[in-house]
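According to my numbering, the stretch in the sequence shown is residues 53 to 582, in order. All C-beta atoms in this analysis are idealised placements derived from N, C-alpha and C, irrespective of residue type, glycine included. Heads up, the thing below is written out as structure tokens.
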Amino acid sequence: MSSSSLPASPGRRRFLAAGAGAALALGGGAGLLSACSSEDAKPGDGADSGKGRSGGTLRAAFVGGGASETLDFFRGPTALDMVRARAWHGTLGNLDPRAGNGVRYGVLQGIDISADLGTYTLRLREDVRFTDGSRLTPADVLHSLRLAGASTLPAFKLVALNFDLKRASTHGAHAVRLPTLRPIADGRLILCQGNFLVVKDGTRRSTERTPSCGPFRLTEFVPGQGAAFRRHDDYYGEGPSLDGLELRSIADDQARLNALTSGQVDFAHDLSPVAARTLGKDDRVRLAPSKSPYLVALSFRMNMRSKPFDDARVREAFKLAVDREALVRTVFHGQATVGNDLPSLGFPDYARDLPQRAHDPARARRLLQQAGADGMEIRLTTGPETPGMVEAATLYVEDLRAAGVRASVRELPAGQLFADFAAYSRLPFVAAYQVPVPALPTYQMNTAGGSPSALGWNRPDVDALVARARASTGAKATRTGGKAQRKLWEEGNTVLPVFKPYLNAQAAGVSGIADDLFEQFPGFSHAALR
């Protein structure tokens, strides 16, 4: 059986070689999966039950960021940086629409909210240990939240936008008290998004020797190539079943598919619809797409600081120009859902009562003429950060041309679109994608207060509506949140034409990955081989 840890100097071939040991997941009984399985483990009951045989090393392929990949996940902009971090570090919790309060806790036992919605008390589990043997403390959690709040990435800054981290404090041996900046009822959904991970108090930069409390210990990391882990035997949660985990950095989705079908990896993340269609007749592998609300929103953002996007007529024209049905049919071969220029489809706070915006290139052209922008020239900057981004941008540019816009596409290499976020936020017209997060926290994260990622949108009136909705519950929250989203739908600077699933694929002997939740960045704590 091959070890989950890598040699001290593995060289490029360790991550990229064919890996005969990995072929068993495809090969009907010989190779890695049988060789690495414990003989007394019982097979899984279902296709993704997470109850496969224990043991073995699972190999997974993701889009990486090349040499820019980092162990400092508060800085890492790529999917693989977060996946690596979730395998390595414990999380406060994950969103779980099936749970009573919408979350599944990780290192936390629970979160208590004061009656005035002004204080959140995070109660820690008492059985969480780091890989150096030390126990998790409230100081560790508080330090981790402050690191997140200081990050430049919008997903992490959300905690600082909602909680007063300067006044936050430890409370006894097993609790943290977080005062809110304003009353909020949905703070659990913020803290338990799956990306708020825990490091030891005092940690500033991460290395392979950094203690961690996640399901796996990091044993090797080569930027642009991959990382290797072995099981953390003192992990607090259920599992992991695996002996080890290898994460490989493969930017091209066809190359990820080829690695899966040739037995080099057991799991391929986020394939293109074209690549996924080729799997239909291969019994050795199966498609495992994510389900609503775990869908990726593909969008195009107009920078309102750049003319003519400061004109609401131009923004509406760009929304009317896109042929959403054609995108679903042509780019995604039907494996996507039409969007309505708002994120968070499938979450309870999504505004479902708005009319579906139509494809109306004639009206788009008239609006552009009224705004004096007919024949305007614009370049849409995009990149292959998730399958379909470049293809969707290319088709959208054709739609814009049909409406009288002289549009073109600028494609950046994989991993580069968001690498310099300050530069990205200054571009006039950009592609983007949004991971699944509830609607009102998404607004707070990306848009409120003139955030850099809002690209010039700065509407205190809408901010106030969102704040009132988030300080309410029940019908009042729904009504007020709906008003805010209608303003965004009518006047906002986002064209969001499509939601796509994560088209993941895995060998027939793999199970349990989806049980980890947060499917866009799986942590593999429930994954198993059989």
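8 Å Cβ cutoff met for residue i and residue j
i, j, result
"PHE551", "VAL348", "yes"
"ARG353", "ALA466", "no"
"VAL584", "ALA327", "Nothing about residue 584 can be read from this structure; the chain reaches only from 53 to 582."
"GLN486", "LEU394", "no"
"VAL211", "ILE242", "yes"
"ALA523", "GLY276", "no"
"ALA423", "VAL366", "yes"
"LEU581", "LEU297", "no"
"VAL547", "SER351", "yes"
"GLU600", "HIS578", "What is shown of the chain runs 53 to 582, which leaves residue 600 out entirely."
"THR143", "VAL159", "yes"
"ASP412", "GLY456", "no"
"LEU397", "SER344", "yes"
"GLN161", "ARG175", "yes"
"ALA167", "PRO267", "no"
"ASN545", "MET428", "no"
"THR173", "ASP164", "yes"
"TYR346", "ALA491", "no"
"ALA340", "GLN558", "yes"
"THR438", "ASP322", "yes"
Through-space distance from residue j to residue i, alpha-carbon basis
i, j, result
"HIS223", "LEU188", "14 Å"
"THR499", "TYR476", "15 Å"
"VAL390", "ILE236", "31 Å"
"ARG583", "PHE281", "Since the first residue shown for the chain is 53 and the last is 582, residue 583 is missing from the structure and cannot be characterised."
"SER324", "ASP305", "6 Å"
"ASP238", "ASP334", "44 Å"
"PRO263", "ARG256", "12 Å"
"LYS209", "SER196", "12 Å"
"ILE436", "LEU123", "Position check: residue 436 holds Pro in this sequence, whereas Ile was assumed. Going from the Cα of PRO436 to the Cα of LEU123 covers about 22 Å."
"PRO292", "ALA516", "44 Å"
"LEU294", "ARG177", "23 Å"
"THR204", "ASP568", "27 Å"
"GLU463", "PRO504", "22 Å"
"PRO512", "ALA459", "32 Å"
"GLY561", "TYR157", "28 Å"
"GLU377", "GLY201", "39 Å"
"PHE319", "ALA444", "25 Å"
"LEU420", "GLU368", "9 Å"
"ALA60", "SER258", "For ALA60, the predicted structure reports a pLDDT of 36, less than 50, and the residue's modelled location is therefore unreliable. A value from the coordinates is still provided. Computed Cα separation, rounded: 18 Å."
When the options are compared against residue i, the one with the closest alpha-carbon
i, options, result
"LYS371", "ARG150, LEU294, ALA131, LEU452", "LEU452"
"ARG300", "GLY289, GLU272, TYR287, ASP286", "GLU272"
"ALA279", "VAL442, GLY398, ALA113", "ALA113"
"LEU432", "ALA423, PHE481, GLN468, ARG415", "PHE481"
"HIS385", "VAL366, LYS343, THR330, ASP168", "THR330"
"PRO574", "ALA559, VAL193, ALA560, TYR554", "TYR554"
"ARG415", "ALA454, MET428, PHE126, ALA388", "ALA454"
"LEU309", "ARG283, TYR402, VAL337, PRO490", "VAL337"
"ARG240", "ASP184, LEU147, LEU199, THR446", "LEU147"
"GLN468", "GLY128, ALA220, ARG520", "GLY128"
"GLY145", "ASP216, CYS244, VAL489, LEU406", "CYS244"
Bounding residues of the beta strand (DSSP E) (the contiguous stretch that carries residue i)
i, result
"GLY296", "296-301"
"LYS552", "546-553"
"ILE242", "ILE242 -> not in any beta strand (DSSP E); alpha helix (DSSP H) instead, spanning 239-243."
"ASP164", "160-165"
Run of the alpha helix (DSSP H) containing residue i, from where it starts to where it stops
i, result
"ASP305", "305-313"
"PRO488", "Careful: PRO488 lies outside any alpha helix (DSSP H) and carries neither H nor E."
"ALA523", "Looking at the DSSP string, ALA523 is not in any alpha helix (DSSP H), and its letter there is neither H nor E."
"ARG198", "190-201"
"THR446", "441-454"
"GLU368", "364-373"
Looking at C-beta atoms only, is the number of pairs between the stretch 502-516 and the stretch 354-361 that lie closer than 8 Å three or more? yes
State whether the stretch 127-143 contacts the stretch 244-251, with contact taken as three or more CB pairs (one from each stretch) at a distance under 8 Å. yes
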